[in-house]
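The structure under discussion appears below in the form of structure tokens.
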Ligand SMILES: Cc1cc2nc3c(=O)[nH]c(=O)nc-3n(C[C@H](O)[C@H](O)[C@H](O)COP(=O)(O)OP(=O)(O)OC[C@H]3O[C@@H](n4cnc5c(N)ncnc54)[C@H](O)[C@@H]3O)c2cc1C
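Numbering (the numbering used here), first residue to last: 103 to 464.
Here it is as structure tokens:
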């Protein structure tokens, strides 16, 4: 039986694990976090990615827990409403669309529960050596194992990419923004309504989830690349940049200080000339992160994992990696372009429609 190691138990890793196990591979997934990672915003499953979640058998469960926003308003730094909409929100686009907006935590939990493979939490790859018939992999917690293939599904800061392709700086393009995302109790009393706020180059969004019991808060600021910070340093940066704002921002900053679950990252894209080398390949953000600004990171991860597994079920790994790349390149290019099309907000509806369907799963 052919065996594969997937680094990263996120959307790309969980999806690939499911489809490769179905193709008869022995699958091991190594995840650096001690347990599936919580937190994050509502993310979107759109266009062709809807077929992928249906093929995973998870489409109906995902539709059942989708967000059900009535609309959104945009306010300025003092809380004055600038506009409101009951047709669309910035996070999900048109409210009458068939696309599914749901929490990232729910997607990952469903994927991990559905795939009957070996998950190793709390460890990470430290070295990869290509041998004649496999890849020798060393782990942070000691020991080594040999796999036929190794796939990096370990996100924007992929360790597989660094070890097999080179340093992160060579492949990442900073998009000039940083975002923090964290949950908080719904102290604003929002009911299925999003509020976005912006003042000069800082801003954010807040909306209720889980039957309006909880808020997901996004706070961000524009900046050139900054040195890495620990969580306390990241929270300090956000507090400094948004400290002068009115509206409910002071309360949101208090909630951030108390948040145990906290995600912070640069908005950045990953661009590589190739997504495989020998027996090692990349999928999802590790290979072609489009950034949260594209609204398509999750759909790219779902579709990329599906196409890669499909090609590995048809041919040798050399041919499969080449076919995966050939099919995915145009789809990735159109979706990455969504992040940069409109510096003031989301891409146009026409561009999203075109990009989300620009690949065939046949
Ligand atoms: C906690 C979290 C919250 C997020 N919130 C949002 C959001 O609100 N909005 C948005 O648009 N996108 C968000 N993202 C990114 C979004 O999930 C991805 O863009 C998209 O789903 C593509 O998925 P992916 O599987 O390629 O990458 P990811 O979802 O980033 O998954 C990568 C996985 O690899 C793991 N990993 C990282 N390094 C290693 C390592 N060395 N060894 C093993 N495992 C490793 C990570 O812990 C993670 O579980 C978030 C990601 C995370 C991890």
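Where a beta carbon is used, it is the ideal one built from N, C-alpha and C, also for glycine.
Please read all numbers here as calculations on a predicted model, not as lab measurements.
Look at the beta carbons and you see the segment 283 to 293 not touching the segment 259 to 274: under three pairs across the two are nearer than 8 Å. Proximity of the beta carbon of residue 280 to ligand 1 is not indicated: no heavy atom of the ligand is located closer than 7 Å. It is roughly 20 Å from the alpha-carbon of residue 362 to the alpha-carbon of residue 344. Unbroken alpha helix (DSSP H) runs of no fewer than 4 residues, entirely contained in the segment 237 to 303, are found at 261 to 266, following chain order. Under DSSP, residue 221 takes part in a beta bridge, and its partners are 131. For residue 423, the secondary structure class from DSSP, reduced to helix, strand or coil, is helix. Under the three-state reduction of DSSP output, residue 314 falls in the coil class, being neither helix nor strand. Between residue 447 and residue 333, the alpha-carbon positions lie close to 27 Å from each other. In the displayed model, residue 393 falls within coil according to three-state DSSP, outside both helix and strand.
The criterion of a C-beta distance shorter than 8 Å is satisfied by residue 129 and residue 106. With respect to residue 151, residue 405 sits close: the two C-beta atoms are nearer than 8 Å. Secondary structure remark: continuous alpha helix (DSSP H) runs of at least 4 residues inside the segment 350 to 379, in chain order: 351 to 360.
Under the three-state reduction of DSSP, residue 233 is assigned to strand. Residue 181 sits in coil when the DSSP states are folded into three classes, being neither helix nor strand.
A residue is called buried when at least 16 other Cβ atoms come within 10 angstroms of its Cβ; residue 186 does not meet this threshold and is exposed.
Membership of residue 197 in any beta strand (DSSP E) is not indicated, and neither H nor E is assigned to it by DSSP. Placement of the Cβ of residue 309 at a distance of 7 Å or more from every heavy atom of ligand 1 is found. Between residue 237 and residue 109, the C-beta spacing is not below 8 Å. Look at residue 261: its beta carbon is less than 7 Å from one of the heavy atoms in ligand 1. C-alpha of residue 143 to C-alpha of residue 216: approximately 22 Å in a straight line.
Among the bridge pairs identified by DSSP, residue 106 is matched with 129 and 251. If you draw a straight line from the Cα of residue 245 to the Cα of residue 346, it comes to about 51 Å. For residue 145, the enclosing beta strand (DSSP E) starts and ends at 144 to 147. Between residue 458 and residue 398, the CB-CB gap stays under 8 Å.
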